[in-house]
Amino acid sequence: MISIKNLHVSVGDKPILKGVNLEIPAGEVHAIMGPNGAGKSTLSHVLSGKEGYTVTEGSVTYKGQDLLALEPEMRAREGVFLAFQYPVEIPGVSNIYLLKAALNAMRKHHGKDEVDALDFLTMVKGKIKALEMDEKFLYRAVNEGFSGGEKKRNEILQAAILEPSFCILDETDSGLDIDALKVVSKGVNALRDEARSFLMITHYQRLLDYITPDVVHVLADGKIVKSGGPELALELEAKGYHWVEEQVA
Amino acid sequence: MSSSAEEIEKVIGQKYKEGFVTEIEVETFEPGLNEDIIARLSAIKGEPEFMLQYRLQAFRHWQTLEEPDWAQLNIDPIDYQAISYYSAPKKDSEKPQSLDEVDPELLDTYKKLGIPLDEQERLAGVAVDAVFDSVSVATTFKGKLKDAGVIFCPISEALQEYPELVKQYLGTVVSEKDNFFASLNAAVFTDGSFVYIPKGVRCPMELSTYFRINAANTGQFERTLIIADDDSHVSYLEGCTAPMRDENQLHAAVVELVAMNNAEIKYSTVQNWYPGDENGVGGIYNFVTKRAECRGDNSKVSWTQVETGSAITWKYPSCVLLGDNSVGEFYSVAVTNNYQQADTGTKMIHIGKNTSSTIISKGISAGKSQNTYRGLVKVAKSAENARNYTQCDSLLVGDTCGAHTFPYVEVKQPSAQVEHEATTSKISEDQLFFCQQRGISAEDAVSMIVNGFCKSVFKELPMEFAVEAQALLGLSLEGSVG
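Chains as they are written, first to last, in my numbering: chain A, 1 to 249; chain B, 250 to 731.
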């Protein structure tokens, strides 16, 4: 699905990622853990095409294409989805309008007609129920006045509707209480299938109790320093990031 | 500049599509303003004597006045003697009796502007009065309106056919001594629309006037007078465009509305005069006095304006709420880009008991433009239980433009309730990136955000205009689902 090779990224003159190598085959869930400042969010931003980052070396191949050459909206239309750590508010634009505009942009890109309004509503109402969200969220402005948990659920709702191939979850567990975490995890697990890959970025092991990854990577100082199965997360939780950093040093 | 900021510029700064010039033979007065010119103007229009006297009185008063300079505007000096005060397409007959007699060049001009005047293609349900420079060239659906008792015609025609009616109301809301530009207009106005809705009549269709400035070095001075008699209702729309020219052109209009007992007037404007180029060269100077009097009890006047054009806009559509329980509303979207300047807002004057007013103003500034809201809410001692709600929101695009808000509140009645809310926001890079990450291009994202920002005003516009207004902002229609 996605192949990251020797990726070096700077912000201004400051190198943040210093040679990241990562392969995520279709259908797998990979978790990236790491201490603050390791470059986790930089990786999610670079993959989704946010401005302000300079790729100085390396490549990212997604479904056989050079991902870094694509505009952010083209990456999205090709199936790259970022669930934001801090979803923005867009006053005056209703959630359902945004969802429909996004879905139609994607359909148009793939040569399909715009979605029928009634079919769309039926589909959205089914998905919103699964995320235990109230229908009234559809008619409120995007994220405006939403609680932290509501914003994160809203991100997953968007993923459920857009059905991406490659889904990046950036600290999706931050700011969630345990009940919200369960609902969000359930939503993510429902999206897991053979054709869809996930890159799950998290600081804590907690999320991995609910979404079991196939592979866990540890990112420290701009590099992946250790990879392993789900048990690696537990080991990290017990021994702290310090343990990995010492091993590498 | 980052690429998303460029996208914003691209969307807001679309080329002016109505900037073409119509090649047509015209009769134009030589530049200059004096009593002779006014007499000639009045004569060419075949006006009754009282009008000439009214004009001269206004002109004599105007000469004692100075241009107002209290607005947040930088205006190059205007040479009033360098302007021509009358320009009209030449025609053989006195007045075209049917559209077949109207110059095809003119019909073509309106067609290009999306205002078909010919019988088959007329906008369904909308009667149009088309004003070209100083004269009205066509009015559609006159017959059908007459059947309902509604008078809708050029004001020059009304002065000939219904002089008493015009005399009774003209200048009673905006006097010829009201202000510098209103006095100038009273002296030299050339055409505009006249509407009279008789008692108990609900006007069967939308009425609309489309103003077009074509000639160079000419000012347009239009005058509109709308009277809604007891228990009547009318919705009126106004649109404006002009060719692209390097020199500034003057447009000084006066609009007077009178609403009697239980009458309702809805007045909507989409103002798209040529705004000047990206370096601030050319463009229309738009100095307009618009005022409504809610004379009757339970009357209501609603102003909705979408202001995207003009180099300078100076305009404060107001409501004088005389009748008890009368209602005034003002909904405004003002967009400025490049070097455009707008100083616009409203005045709500509460005099009757239980009068209420609502002001919703949305200002969008981009480029190096300056956008000012200026509003007055005045509650007289007599206005028991008056209420006002004001909401002023500004949206900044980029960091070289300015947004300003000057609310004035004068309350002399202790039972009055006056509320004012104001916000300023900016389209952020994070909002654009979020939308792009969902597959929506930056261009469409800006449209969506600006549309969302203006939604509470656009929903007040009649359907035909709402679409035009959104297209004007270069935006796709915000659809609704469910």
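The beta carbon of each residue, even a glycine, is placed where N, CA and C say it ideally should be.
Since the model is a prediction, treat every value here as computed from it, not as a measurement.
Short Cβ contact (7 Å threshold) for residue i with residue j
| i | j | result |
| --- | --- | --- |
| N634 of chain B | V626 of chain B | no |
| L232 of chain A | V244 of chain A | no |
| A76 of chain A | Q680 of chain B | no |
| F166 of chain A | G79 of chain A | yes |
| A464 of chain B | D382 of chain B | yes |
| P656 of chain B | G612 of chain B | no |
| A501 of chain B | F443 of chain B | no |
| E709 of chain B | Y580 of chain B | yes |
| S705 of chain B | I598 of chain B | no |
| S614 of chain B | C650 of chain B | yes |
| F460 of chain B | V537 of chain B | no |
| V450 of chain B | A397 of chain B | yes |
| S432 of chain B | W319 of chain B | no |
| I24 of chain A | I2 of chain A | yes |
| L82 of chain A | S48 of chain A | yes |
| T467 of chain B | E354 of chain B | no |
| N139 of chain A | S94 of chain A | Residue identity check: residue 139 of chain A is Tyr in the sequence provided, not Asn. Yes. |
Distance, residue j Cα to residue i Cα
| i | j | result |
| --- | --- | --- |
| K257 of chain A | D193 of chain A | Residue numbering for chain A in the displayed model covers 1 to 249; residue 257 of chain A lies beyond these limits and cannot be assessed. |
| I404 of chain B | R472 of chain B | 7 Å |
| K108 of chain A | M454 of chain B | 39 Å |
| A102 of chain A | D170 of chain A | 20 Å |
| S342 of chain B | T562 of chain B | Note that S342 of chain B has pLDDT 47, beneath the 50 cutoff, so the model's placement of it is unreliable and the number below is only indicative. Each residue's alpha carbon lies about 37 Å from the other. |
| Y622 of chain B | S567 of chain B | 13 Å |
| I332 of chain B | T595 of chain B | 29 Å |
| D526 of chain B | N587 of chain B | 8 Å |
| L419 of chain B | V584 of chain B | 32 Å |
| K630 of chain B | H482 of chain B | 30 Å |
| S729 of chain B | G701 of chain B | With a pLDDT of only 18 at S729 of chain B, under 50, the local geometry of the prediction cannot be trusted, and no value is derived from it. |
| G187 of chain A | A160 of chain A | 8 Å |
| V183 of chain A | S677 of chain B | 30 Å |
| D119 of chain A | N528 of chain B | 49 Å |
| D573 of chain B | K549 of chain B | 11 Å |
| I698 of chain B | K675 of chain B | 10 Å |
| D116 of chain A | K617 of chain B | 42 Å |
| E30 of chain A | T639 of chain B | Note that residue 30 of chain A is His in the sequence shown here, rather than Glu. About 53 Å. |
| C402 of chain B | T122 of chain A | 51 Å |
| D66 of chain A | E150 of chain A | 34 Å |
| D546 of chain B | T607 of chain B | 18 Å |
Reference residue i, options the options, closest by Cα
| i | options | result |
| --- | --- | --- |
| D732 of chain B | B:Q662, B:E279, B:T458, B:A331 | In the structure displayed, chain B extends from 250 to 731; residue 732 of chain B sits before or after that span and is not available. |
| V46 of chain A | A:E71, A:H30, A:E28 | A:E71 |
| D378 of chain B | B:L356, B:A397, B:G398 | B:L356 |
| Y329 of chain B | B:N283, B:Q306, B:V550 | B:N283 |
| V11 of chain A | A:N36, A:E51, A:S3 | A:E51 |
| G148 of chain A | A:I2, A:I178, A:E163 | A:I178 |
| E670 of chain B | B:E513, B:G545, B:V658, B:T557 | B:V658 |
| A512 of chain B | B:Y445, B:I327, B:E487, B:D427 | B:Y445 |
| N36 of chain A | A:G222, A:P230, A:E235, A:E246 | A:G222 |
| W522 of chain B | B:I462, B:A387, B:I514, B:S575 | B:I462 |
| I514 of chain B | B:V576, B:E496, B:T389, B:V699 | B:V576 |
| I156 of chain A | A:I32, A:G111, A:V218, A:E132 | A:E132 |
| A26 of chain A | A:V218, A:F198, A:E163 | A:F198 |
| G92 of chain A | A:E135, A:E144, A:A38 | A:E144 |
| C452 of chain B | B:A477, B:N434, B:F429 | B:A477 |
| L644 of chain B | B:K661, B:A665, B:T672, B:V667 | B:T672 |
| K409 of chain B | B:A292, B:Q662, B:R309 | Correcting the residue type first, residue 409 of chain B is Gln in the shown sequence and not Lys. Among B:A292, B:Q662, B:R309, the Cα nearest to that of Q409 of chain B belongs to B:A292. |
Beta-carbon contacts of residue i that lie in its chain and below 7 Å, excluding the five residues immediately before and after
| i | result |
| --- | --- |
| L322 of chain B | I561, W563, Q590, D592 |
| E57 of chain A | N6, H8 |
| Y97 of chain A | none |
| A190 of chain A | A130 |
Own chain, CB closer than 6 Å to residue i, minus 5 neighbours either side, in chain order
| i | result |
| --- | --- |
| Q369 of chain B | Residue placement at Q369 of chain B is flagged as unreliable, the pLDDT there being 48, under the threshold of 50; the coordinate-derived value follows with that caveat. Hits under 6 Å: none found. |
| E505 of chain B | V422, V423, L474 |
| Q469 of chain B | I462, H500 |
| G229 of chain A | none |
Same chain, Cβ closer than 8 Å to residue i, five either side skipped, listed in chain order
| i | result |
| --- | --- |
| L181 of chain A | D173, R206, L207, Y210 |
| S41 of chain A | Q85, D170, E171, I201 |
| A376 of chain B | T388, T389, F390, K391, K393, L394, F401, M454, E455, L456, S457 |
4 or more residues per run - each alpha helix (DSSP H) lying fully within the stretch 144-178 of chain A | 148-162
Could you name each continuous beta strand (DSSP E) segment of 3 residues or more that falls completely within the stretch 563-609 of chain B, going from the start of the chain to the end?
-> 567-570, 576-585, 590-599
Enumerated in chain order, which unbroken segments of the beta strand (DSSP E) with a length of 3 residues or greater are wholly contained in the stretch 70-150 of chain A?
-> 80-83, 90-94
Scan the stretch 452-493 of chain B and note each continuous alpha helix (DSSP H) run of 4 residues or more that stays entirely inside, going in chain order.
-> none
Curious, which full-length beta strand (DSSP E) runs of at least 3 residues does the stretch 288-351 of chain B contain?
-> 336-338
3-residue-minimum beta strand (DSSP E) runs that sit fully inside the stretch 665-712 of chain B, ordered along the chain | 666-675
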